[in-house]
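So the structure is just underneath, and the comments pick up after that.
There are 2 protein chains.
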Amino acid sequence: MGESGVNAKWTASRLLERLSAIGADPAGGVTRLLYDASWREAQLAVADLMREAGLEVSADTVGNVFGRLAGADPSAPAVLTGSHVDTVRSGGGYDGALGIAAGIAALARLKADCGQPRRTLEVVSFCEEEGSRFPLAYWGSGNVTGNRPFDGALDARDGNGTTLRAAMAAAGLEPEQHGRSCRTDIGFFVELHIEQGEVLEREGVEIGVVDAIFGQRRFYVTVEGRAGHAGTTPMAIRSDALAAAAEMIAWLRPAALEAGGGLVATAGRLDVHPNMPNVIPGKAVFSLDVRHRDEAAIDAFCDQARLGFGAAADRHGVSASLSCWLAEPPSPMDAALQARIARICAAKGYSHRTIGSGAGHDAGLFAPLVPTAMIFVPSRGGISHSPLEFTAPEDVERGADVLAGLLHTLAYGEESA
Amino acid sequence: MGESGVNAKWTASRLLERLSAIGADPAGGVTRLLYDASWREAQLAVADLMREAGLEVSADTVGNVFGRLAGADPSAPAVLTGSHVDTVRSGGGYDGALGIAAGIAALARLKADCGQPRRTLEVVSFCEEEGSRFPLAYWGSGNVTGNRPFDGALDARDGNGTTLRAAMAAAGLEPEQHGRSCRTDIGFFVELHIEQGEVLEREGVEIGVVDAIFGQRRFYVTVEGRAGHAGTTPMAIRSDALAAAAEMIAWLRPAALEAGGGLVATAGRLDVHPNMPNVIPGKAVFSLDVRHRDEAAIDAFCDQARLGFGAAADRHGVSASLSCWLAEPPSPMDAALQARIARICAAKGYSHRTIGSGAGHDAGLFAPLVPTAMIFVPSRGGISHSPLEFTAPEDVERGADVLAGLLHTLAYGEESA
Chain A
1 MGESGVNAKW TASRLLERLS AIGADPAGGV TRLLYDASWR EAQLAVADLM REAGLEVSAD
61 TVGNVFGRLA GADPSAPAVL TGSHVDTVRS GGGYDGALGI AAGIAALARL KADCGQPRRT
121 LEVVSFCEEE GSRFPLAYWG SGNVTGNRPF DGALDARDGN GTTLRAAMAA AGLEPEQHGR
181 SCRTDIGFFV ELHIEQGEVL EREGVEIGVV DAIFGQRRFY VTVEGRAGHA GTTPMAIRSD
241 ALAAAAEMIA WLRPAALEAG GGLVATAGRL DVHPNMPNVI PGKAVFSLDV RHRDEAAIDA
301 FCDQARLGFG AAADRHGVSA SLSCWLAEPP SPMDAALQAR IARICAAKGY SHRTIGSGAG
361 HDAGLFAPLV PTAMIFVPSR GGISHSPLEF TAPEDVERGA DVLAGLLHTL AYGEESA
Chain B
418 MGESGVNAKW TASRLLERLS AIGADPAGGV TRLLYDASWR EAQLAVADLM REAGLEVSAD
478 TVGNVFGRLA GADPSAPAVL TGSHVDTVRS GGGYDGALGI AAGIAALARL KADCGQPRRT
538 LEVVSFCEEE GSRFPLAYWG SGNVTGNRPF DGALDARDGN GTTLRAAMAA AGLEPEQHGR
598 SCRTDIGFFV ELHIEQGEVL EREGVEIGVV DAIFGQRRFY VTVEGRAGHA GTTPMAIRSD
658 ALAAAAEMIA WLRPAALEAG GGLVATAGRL DVHPNMPNVI PGKAVFSLDV RHRDEAAIDA
718 FCDQARLGFG AAADRHGVSA SLSCWLAEPP SPMDAALQAR IARICAAKGY SHRTIGSGAG
778 HDAGLFAPLV PTAMIFVPSR GGISHSPLEF TAPEDVERGA DVLAGLLHTL AYGEESA
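Protein chains in written order, with our numbering: chain A, 1 to 417; chain B, 418 to 834.
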């Protein structure tokens, strides 16, 4: 691949700037919820940019937008890159949008510098990943891969009671045809994304080579004791639900550090009843979120938690029950692609390291099906899902450069990867 | 004192039954808030009962109602008994009301059986103790003792924005004259009350001889860390406010048990921010309530908590600050009166034990001024401030009997106590 013969207009930073201006909200953030007005404006802008970049544009039945650079070998499975256009409420301008902007920039540059690829190259702007409007996530990539159970999804309702079906119809889409978005001609998937953590920034590393998207398991832990008068109930005869829950939550950090391997365990939510200063809590419910690259490690940690929580409950004369409401297996990234990204970084002089992704991504849906890769760039302060989300333009360009390099080796190279 | 020559109408249980029917609420509880309609109905009923019992009735400027049996020696300070007529919202029929009903029954019985006492005997129905309507407590006994700072109290507002001043005026009282309720002619104060705990019930003991009303100290502990993504922030670099708060709360129980002497420490309220399953908590605020009969022990525990919380905060890379918003000193009960109650119980064959009061009571305001005593009877299941509050009629009668016995020795005896 030659050096940047492409117009400066087609840098990832410039495209990202245009995309992030759509859905700007009063809080200084970006809000683009599935099928709302900002979302439609964004997908139209994406389509325009793709067309300007010389790509063939199409949209599928759920509103994913594709830009295509047809390959010389129509029988070779395509190389797909991209990310999601939707945001959380008052999110930032980088999460999702970066992968789309960098994908369009990469295809524009590859077309200008290298002409027609052997394999078809496509960039996608997935309609939805965040689950911010409807209680479902990965509606974009899940319909493309077809490996997500979406039974009853069309009847899901947003906060105003609007069904997904009605929202799709209002956006001119075909709700009942969402299954037709499934693609079987994809050979590779590559996603550039912000890290959303602060590992790269703290270590001063420019590029993260993702080895796995962590599996996740989420529980609610319900601790039930007996409410009582905070003054008249001796310590020895209390069944204090919060005291027991506190022991369980305090156990998490040392246990996760001991488990090691990057396992993270979080109690993010805790609701106490009746939650009054002078009443011993009769009930406490907390969330537990456990993530790791290795499912067996998640299993082991959750088993240990169950035992530990039971023992704490016994010590406090309370009951504790765990109910699992989300279980996502880990998605290992393709080892050969990881090695290839590392070689590209080395050749370009970019510092890099292997990193796990504690957050879920569209790439996770492709990983069980085709060789899949993710490239991370630093997030300032590790902040995401916030108006404060920021990645420096030079980091955006380094990430886009590595992405273009990888797409080049996949689509133009002789090797089959 | 002779054996019950008095009419069965004047048993404490019967009077209590009449009083508890006033302010019955749809939840099956009793709601009498300061100066509301139920409260007025209750004080009128109390006055009627006192009159029927042959007592001289009067009310003071804040609506405390007194029933008086004048003594032969007008220069001897009076013996006062009683409790408060107000309740929490949807409370029970025993808290407060028991002490009034048993006081009226005792004076009726003493008058019938023993005639005129040497010292004046009075029973009082204090207007307020619970702090359920206005953000102030002990408005009844505090005005009688004059040892409570009530600056600005008349401007306090209830949940509807009504000032205490307006509520008093609406009840026909004299707000600006509340200081005139102060009494300097009281020589003894005795209060019969339900335990509100389950120590007597668990041990099968009939009468509790209170040695002290515990001092209380209440804090809010604010723990501030840094919110972050639950998936992408490694354990080692988190500043998790809830993880730190959990360690602090988990510390309380073993520390309180080790402190011993009946010290109780409770975290009853905990609010987490932003309180979402997939976000590391950036802030957690919990209440800490510490009570004990000995102020030095409270000081020592709070100092230890401060140190322990600071160490936990350091381990988690968060800050912790304690702000004290309530500090009540302990109120030791008169030792000679405790011994006298124990002798009365022994003579009557009632099992008894010394017990601390973790809850505050009107008696606590008299204790620094005059010899003061409290008598406890069992609370079923330790439950109070609830429609489920219950004390068996035979326990009510035993308590009333001990109360009458003590009042007899104080008002009719030659000894000066």
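Ideal placement from N, C-alpha and C gives every residue a C-beta, glycine not left out.
Distance between residue j and residue i (C-alpha atoms, nearest Å)
i: Glu745 (chain B); j: Arg710 (chain B); result: 11 angstroms
i: Val689 (chain B); j: Glu122 (chain A); result: 44 angstroms
i: Pro443 (chain B); j: Thr504 (chain B); result: 15 angstroms
i: Leu466 (chain B); j: Gly699 (chain B); result: 58 angstroms
i: Glu612 (chain B); j: Glu623 (chain B); result: 11 angstroms
i: Thr31 (chain A); j: Ala647 (chain B); result: 21 angstroms
i: Ala653 (chain B); j: Val199 (chain A); result: 11 angstroms
i: Gly23 (chain A); j: Gly364 (chain A); result: 26 angstroms
i: Ser803 (chain B); j: Glu618 (chain B); result: 17 angstroms
i: Asn564 (chain B); j: Pro494 (chain B); result: 18 angstroms
i: Gly2 (chain A); j: Trp39 (chain A); result: Only weak support exists for where Gly2 (chain A) lies, its pLDDT of 42 falling under 50; the value from the coordinates is given anyway. Distance between the alpha carbons of Gly2 (chain A) and Trp39 (chain A) is about 35 angstroms.
i: Glu394 (chain A); j: Asp657 (chain B); result: 31 angstroms
i: Ser360 (chain B); j: His778 (chain B); result: Lying outside 418 to 834, the shown extent of chain B, residue 360 (chain B) is not represented and no answer is given.
i: Arg655 (chain B); j: Leu263 (chain A); result: 13 angstroms
When the options are compared against residue i, the one with the closest alpha-carbon
i: Ala37 (chain A); options: A:Pro135, A:Ala170, A:Ala72; result: A:Ala170
i: Gly261 (chain A); options: A:Pro117, A:Ser357, A:Ser20, A:Asn143; result: A:Ser357
i: Phe703 (chain B); options: A:Ser287, A:Val290, A:Pro277; result: A:Pro277
i: Ile375 (chain A); options: A:Gly231, A:Arg398, A:His193; result: A:His193
i: Gln43 (chain A); options: A:Arg68, A:Lys9, A:Phe126; result: A:Phe126
i: Glu712 (chain B); options: B:Val735, B:Ser740, B:Pro747; result: B:Pro747
i: Ala259 (chain A); options: A:Phe301, A:Ala241, A:Ala312; result: A:Phe301
i: Arg180 (chain A); options: A:Met168, A:Ala166, A:Val144; result: A:Val144
i: Ala821 (chain B); options: B:Ala583, B:Gly516, B:Ala660, B:Ala554; result: B:Gly516
i: Pro595 (chain B); options: B:Gly557, B:Val627, B:Met665; result: First, the residue type needs correcting, since residue 595 (chain B) is His and not Pro in the sequence shown. Among B:Gly557, B:Val627, B:Met665, the Cα nearest to that of His595 (chain B) is on B:Gly557.
i: Tyr637 (chain B); options: B:Ile761, B:Val502, B:Thr683; result: B:Thr683
i: Gly228 (chain A); options: B:Gly614, B:Leu674, B:Glu620; result: B:Gly614
i: Val318 (chain A); options: A:Ile298, A:Ser351, A:Ala284; result: A:Ala284
i: Gly390 (chain B); options: B:Val627, B:Gly625, B:Val696; result: Residue 390 (chain B) cannot be examined here, being either before or after the span of chain B that is shown, 418 to 834.
Residue i at chain A interface by Cβ criterion, 9 angstroms
i: Gln633 (chain B); result: yes
i: His646 (chain B); result: yes
i: Thr504 (chain B); result: no
i: Ser774 (chain B); result: yes
i: Met665 (chain B); result: yes
i: Glu545 (chain B); result: no
Interface flag, residue i vs chain B, CB-CB below 9 angstroms
i: Gln43 (chain A); result: no
i: Gln304 (chain A); result: no
i: Leu365 (chain A); result: no
i: Asn275 (chain A); result: yes
i: Leu242 (chain A); result: yes
i: Arg353 (chain A); result: no
i: Leu107 (chain A); result: no
i: Gly204 (chain A); result: no
i: Gly382 (chain A); result: yes
i: Ile375 (chain A); result: no
i: Leu136 (chain A); result: no
i: Met1 (chain A); result: Here Met1 (chain A) scores only 44 on pLDDT, less than 50, and its place in the model is too uncertain to base an answer on.
i: Ile280 (chain A); result: yes
Identity of the residues DSSP links to residue i by a beta bridge
i: Asp289 (chain A); result: A:Arg218, A:Thr266
i: Thr354 (chain A); result: A:Val209
i: His501 (chain B); result: B:Phe543
i: Pro749 (chain B); result: B:Ala629
i: Cys324 (chain A); result: A:Phe219
i: Ser475 (chain B); result: B:Phe483
Residue i Cβ short of 8 angstroms to the ligand MN heavy atom set
i: Val190 (chain A); result: Among the ligands in the structure shown, none appear at all, so the ligand MN cannot be discussed.
field: the region 85-102 of chain A in contact with the region 9-16 of chain A per 3-pair CB rule at 8 angstroms
entry: Verdict: yes, contact present.
- prompt: Within the chosen definition, does the region 100-113 of chain A reach the region 151-161 of chain A through at least 3 CB pairs nearer than 8 angstroms?
  reply: The region 100-113 of chain A, when compared against the region 151-161 of chain A, does not touch it at the 8 angstroms Cβ threshold.
task: Determine contact between the region 657-673 of chain B and the region 393-403 of chain A, defined as no fewer than three beta-carbon pairs at a distance below 8 angstroms.
output: They do not touch, by the three-pair rule.
- request: Assess, as a yes-or-no matter, whether the region 315-328 of chain A is touched by the region 200-219 of chain A under the definition of 3 or more beta carbon pairs within less than 8 angstroms.
  value: yes
- prompt: With a cut-off of 8 angstroms, do at least 3 Cβ pairs link the region 518-525 of chain B to the region 544-552 of chain B?
  reply: no
task: Could you say if the region 596-608 of chain B and the region 774-788 of chain B meet the contact criterion of at least three C-beta pairs nearer than 8 angstroms?
output: With a cut-off of 8 angstroms, the region 774-788 of chain B and the region 596-608 of chain B count as touching, because enough Cβ pairs lie within range.
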